[in-house]
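Asks: Numbering (the numbering used here), first residue to last: 378 to 633.
Where is the CB? At the ideal position from N, CA and C, for every residue including glycine.
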Ligand SMILES: Cc1cc2nc3c(=O)[nH]c(=O)nc-3n(C[C@H](O)[C@H](O)[C@H](O)COP(=O)(O)OP(=O)(O)OC[C@H]3O[C@@H](n4cnc5c(N)ncnc54)[C@H](O)[C@@H]3O)c2cc1C
Ligand code: FES
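1. Just to confirm, are residue 383 and residue 393 a CB contact at a threshold of 8 Å?
2. Taking any heavy atom of ligand 2 as the mark, which residues have a C-beta closer than 7 Å to it, listed down the chain?
3. Over the uninterrupted beta strand (DSSP E) stretch that includes residue 500, give me the two end residues.
4. Leaving out the 5 sequence neighbours to the left and right, which residues in its chain are closer than 7 Å to residue 483 when beta-carbon positions are compared?
5. What number of angstroms, rounded off, separates the C-alpha of residue 379 from the C-alpha of residue 455?
6. Tell me whether residue 514 sits in a helix, a strand or coil according to DSSP, three-state version.
7. Taking the CB atoms as reference points, tell me whether residue 404 and residue 433 lie closer together than 8 Å.
8. Going by the beta-carbon positions, is the gap between residue 571 and residue 465 smaller than 8 Å?
9. Can you tell which of 388, 387 and 420 has the C-alpha that lies nearest to the C-alpha of residue 643?
10. Which stretch, first to last residue, makes up the alpha helix (DSSP H) that contains residue 632?
11. By the 10 Å Cβ neighbour count, where 16 or more other Cβ atoms means buried, how is residue 443 classified, buried or exposed?
12. Measuring straight from C-alpha to C-alpha, what distance separates residue 549 and residue 516?
13. For the putative contact between residue 489 and residue 406, defined by C-beta atoms under 8 Å, what is the C-beta separation to the nearest angstrom?
14. Would you report the Cα separation of residue 513 and residue 564, rounded to the nearest angstrom?
15. Is the beta carbon of residue 582 within less than 7 Å of some heavy atom of ligand 1?
16. Would the C-beta of residue 433 count as close to ligand 1, meaning under 7 Å from any of its heavy atoms?
17. Any contact between the region 605–618 and the region 574–590? By contact I mean 3 or more CB pairs, one from each, below 8 Å.
18. Which whole-angstrom value is the C-beta distance of residue 523 and residue 540, which I expect to be below 8 Å?
19. I think residue 602 touches residue 596, with their Cβ atoms under 8 Å apart; what is that distance to the nearest whole Å?
20. Is residue 443 near ligand 1 - that is, is its Cβ less than 7 Å away from at least one heavy atom of it?
21. Output the distance between the C-alpha atoms of residue 438 and residue 458, rounded to the nearest integer angstrom.
22. For residue 591 and residue 628, I'd like the C-alpha separation in whole angstroms.
23. Following a CB-centred definition, is residue 439 positioned closer than 7 Å to any heavy atom of ligand 1?
24. Straight-line CA distance for residue 567 to residue 611?
25. In this structure, what does DSSP give as the bridge partners for residue 396?
26. Go through its chain and collect everything with a Cβ distance to residue 446's Cβ below 7 Å, but skip five positions before and after it.
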């Protein structure tokens with residue numbers, strides 16, 4: 378584990394913050410790290426910024442994420458990683474679909490695809506306009522960004538999967554990459570299969586060890602931490618639990 382010093386904490390939306398830190402680790406798009414907050418917990422977070430200053434982008438949902446939101450420059454945290462298998466970007470025309478804080482997992486993939494000269498369209502979804510993540514960042518990178526909100530306050534009024542279907546109808550992409558709530562990913566995987574488009578989804582399952590040992594993130598014959606978190610449509614089709622069931626910290630099955 379690397380102990381790193383926080384260099385900045387930035388508001389992204391009203392409940393999402395980015396924590397930046399200097400770290401020698403170099404992440405491939407879609408990889409994650411186990412982030413240790415002293416005296417609190419260790420939690421998995423996608424690497425959302427890489428380079429001179431790395432970063433994670435955090436939605437406040439509980440004790441660990443609240444502690445991350447309250448970090449100050451100069452505070453120290455532990456970073457174990459980069460971990461897992463990320464996105465493998467193929468083709469020229471990419472559709473990136475992000476739901477809520479899941480958009481953080483797509484950031485390095487969008488950045489790297491644009492740097493390689495690929496055409497990237499982004500469909501970003503959130504409950505309301507003020508919760509849309511990385512709309513400006515992706516637009517500034519050169520992506521064509523469209524948004525969907527549940528309350529209709531901005532862009533398409535409804536689910537981001539409906540917006541993605543509209544974009545696919547306009548022009549079929551070579552590849553869809555996605556991260557967000559698992560039911561959203563399951564719906565998107567069906568759309569991709571109907572249109573015969575390759576898809577890669579990043580899953581967020583409850584994790585303890587982060588390195589394939591404890592089994593808490595098991596999904597079918599895969600562990601999300603070591604075999605994923607990014608899986609192809611073919612792998613997802615093998616997982617009977619995908620989009621239906623996940624496990625809570627005690628290992629009990631619960632609806633996604
Ligand atoms: C590979 C991976 C990458 C992730 N990347 C990010 C990221 O970039 N940004 C971000 O904000 N979050 C990310 N998460 C989710 C994040 O790890 C959890 O939100 C966090 O562990 C919750 O900790 P907590 O102590 O704040 O909340 P807790 O008090 O532990 O839980 C609060 C609520 O969050 C739910 N929760 C806990 N763990 C997870 C989990 N792993 N996935 C989904 N829900 C969970 C609980 O069921 C509960 O409802 C990622 C998860 C994984 C597995
Ligand atoms: S978190 Fe332990 S096997 Fe994945």
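Replies: This is what the structure gives:
1. No, they are not a contact pair.
2. Taking each Cβ in turn, the ones that pass are 584, 585, 586, 587, 588, 589, 590, 591, 592, 593, 594, 595, 600, 601, 602 and 603.
3. Element bounds for residue 500: 496–503.
4. So the list reads 473, 475, 554 and 556, once near-sequence residues are dropped.
5. Pairing residue 379 with residue 455, the inter-Cα distance amounts to about 5 Å.
6. Helix.
7. Taking the C-beta atoms as reference points, residue 433 is found no nearer than 8 Å to residue 404.
8. Their beta carbons are not under 8 Å apart, which means residue 571 does not touch residue 465 by this criterion.
9. Summary: the structure shown does not reach residue 643, with the chain confined to residues 378 through 633, and so no result is reported for it.
10. Taken as a continuous stretch (DSSP letters only), residue 632 belongs to no alpha helix (DSSP H), being part of the beta strand (DSSP E) at 630–632.
11. Exposed: under 16 other Cβ atoms inside 10 Å.
12. If you draw a straight line from the Cα of residue 549 to the Cα of residue 516, it is about 20 Å long.
13. Sure, about 5 Å apart at Cβ, within 8 Å.
14. Straight-line spacing of the CA atoms in residue 513 and residue 564 works out to 26 Å.
15. Yes, since a heavy atom of ligand 1 falls inside the 7 Å radius drawn around the Cβ of residue 582.
16. For residue 433, the shortest separation between its Cβ and any heavy atom of ligand 1 lies below 7 Å.
17. Yes: the two stretches touch, three or more of their Cβ pairs being nearer than 8 Å.
18. Between residue 540 and residue 523 the Cβ distance is about 6 Å, and since that is below 8 Å, they are a contact.
19. Contact check for residue 602 and residue 596: beta-carbon distance about 10 Å, past the 8 Å limit, so the pair fails to qualify.
20. At least one heavy atom of ligand 1 lies less than 7 Å from the C-beta of residue 443.
21. Straight-line Cα distance between these residues: approximately 22 Å.
22. Those two C-alpha atoms are separated by around 11 Å.
23. Distances between the C-beta of residue 439 and the heavy atoms of ligand 1 include at least one below 7 Å.
24. For residue 567 and residue 611, the distance between alpha carbons rounds to 11 Å.
25. DSSP output for residue 396 lists 386 and 433 as bridge partner(s).
26. Cβ within range, chain order: 394, 435 and 437.
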